[in-house]
Amino acid sequence: MRALTQLGTLEATASFEKLMSTPKMATKDLSVFYGDSQVLKDVCIEIPRNAITVIMGPSGCGKSTFLKTLNRMVELVEEAKVVGHVFLEDLDIYAPGVNAVEIRKRVGMVFQKPNPLPMSIFDNVAYPLRIHGIRDRKVLEDRVKKCLEVVKLWEEVKDRLREPASKLSGGQQQRLCIARALALEPEVLLLDEPTSSLDPISTEAIEELLLELKKNYTIVMVTHEVAQAKRVADYVIFLYLGLVVEQGPAKEVFYYPKSDLTKKFLQGF
């Protein structure tokens, strides 16, 4: 048994080294305040490229806030203040002169509940392209089709692209929102509990999609479900009361956690 444990630890360490050879994003001494309340405390993490990084922790521990710091959406929250550094490769995204709109183009986001815009299926995906000045009809049609194909929605909607997106099922709406996030060809995709409002079949479809997408994108996902994290995560960050308690390759965190807090969380206590 001891030999098996040591073998597992060695495998996890090797996996860690491979994942972290060239991280896509990283934070250094990152703290976030909402007014006088500190939500994140000196967070230092690395996010591997072309992998699914899952952020876990109890409610109110700062998971969603952390996610929003990665593309500067936290700045849209009233009284939010960010201290420290967030790096997208070598770029400190909070450095003076860095354009937040350009960061959000490179780092897209999908929210907890499907939020299709009150327009057609086609226009939902084309909207961010038009916002960024793309007007050529052929370019729009090609990009919309490509994004819908990527999320495996094209065959389901190709004959009703002009129908309101609100007519789609919940799972289809969430895949549409992912397609919209991919329209600007981001490098990183952030997802805040993307399946929490979906049925099991739709949840499975989204999870399978994410496993495909990581071949071309870096994915960071918040989930409150340990079982889901075990199914999709390559790397895990465990937050508690705004602090990083533990981070590492999924196998290492799930099967050989170092912190008692992590152990208790994984056991449901």
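Just so we're aligned, residue 56 is where the sequence shown starts under the working numbering, counting upward by one. We treat Cβ as the ideally placed atom computed from N, Cα and C, and that holds for glycine.
Scanning its chain for C-beta atoms nearer than 7 Å, with the 5 sequence neighbours on each side dropped, one finds around I102 the residues P78, K79, M80, A81, T108, T273 and V275, in chain order. If you draw a straight line from the Cα of V165 to the Cα of L237, it is about 10 Å long. Counting only runs of at least 4 residues, the region 192-229 fully encloses the following alpha helix (DSSP H) elements, listed from N- to C-terminal order: 192-205 and 209-212. Three or more beta-carbon pairs separated by less than 8 Å link the region 227-242 to the region 177-185, which places the two stretches in contact. D247 counts as buried, since at least 16 other C-beta atoms from the protein chains shown sit within 10 angstroms of its C-beta. The shortest C-alpha to C-alpha distance from D289 to any of L266, I256 and I100 is the one to L266.
Non-local beta-carbon contacts of K123 in its own chain, meaning distances under 6 Å to residues more than five positions away in sequence, involve V129 in chain order. The beta carbon of R217 sits closer than 8 Å to those of S175, I176 and F177, all from its chain and outside the five residues before and after it, given in chain order. About 11 Å separates the Cβ atoms of R127 and A150, ruling out a contact at the 8 Å cut-off.
Taking a C-beta distance under 9 Å as the contact criterion, L294 and I110 qualify as a contact pair.
In this structure, the beta-carbon distance from L223 to K213 does not fall below 9 Å. Around the beta carbon of P171, a 10 Å sphere encloses 16 or more other beta carbons of the protein chains shown; the residue is thus reported as buried.
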